[in-house]
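Below: the structure, in structure tokens.
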Amino acid sequence: MEIEALAEVVVDCGYKVHTGLGPGLLESVYEVVLAHTIAQRGLHVQRQFPVPIEFEGITFAEGFRADLLIEGRLLVELKSVE
Numbered sequence: 155m156e157i158e159a160l161a162e163v164v165v166d167c168g169y170k171v172h173t174g175l176g177p178g179l180l181e182s183v184y185e186v187v188l189a190h191t192i193a194q195r196g197l198h199v200q201r202q203f204p205v206p207i208e209f210e211g212i213t214f215a216e217g218f219r220a221d222l223l224i225e226g227r228l229l230v231e232l233k234s235v236e
């Protein structure tokens, strides 16, 4: 699947989650529901995927954790505000 088509599916699922759950929940709630919704569309989803970083020649295995990694190609970071 092309990256643009992949992103379109993710945005569509994000909109579905947003309208279905509404505002005011914790980011972790939106993350688990969005991951489930994307997986229902037949895509492979990894949650809290560790992304290594390199600094001064040293690789840190867990530089940060990506909220969602879709099909091993599309990184999704979720944010929730009041």
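Numbered according to the numbering used here, the sequence shown spans residues 155 to 236.
Using N, Cα and C, we set each Cβ at its ideal position, and we do this for glycine too.
Please read all numbers here as calculations on a predicted model, not as lab measurements.
Rounded distance between the beta-carbons of A189 and R201, thought under 8 Å: Yes, R201 and A189 are in contact; Cβ-Cβ is about 5 Å, under 8 Å.
Which of the three DSSP states, helix, strand or coil, is assigned to E185? In the structure shown, E185 sits in a helix (DSSP, three-state: H, G or I).
Distance check for Y184 and R219, CA to CA, integer angstroms please. C-alpha of R219 to C-alpha of Y184: approximately 16 Å in a straight line.
Using only alpha-carbon positions, find the residue among V171, P177, L179 that is nearest to V187. The shortest C-alpha separation from V187 is found at V171.
What is the DSSP secondary structure of L228, counted as helix, strand or coil? The answer is strand: DSSP assigns L228 an E or B state.
For V230 and L222, what's the separation of their Cα atoms in angstroms? Between the C-alpha atoms of V230 and L222 there is a straight-line separation of about 5 Å.
Any idea which residues DSSP pairs L222 with across the strands? The secondary-structure analysis by DSSP pairs L222 across a beta bridge with R201, V230.
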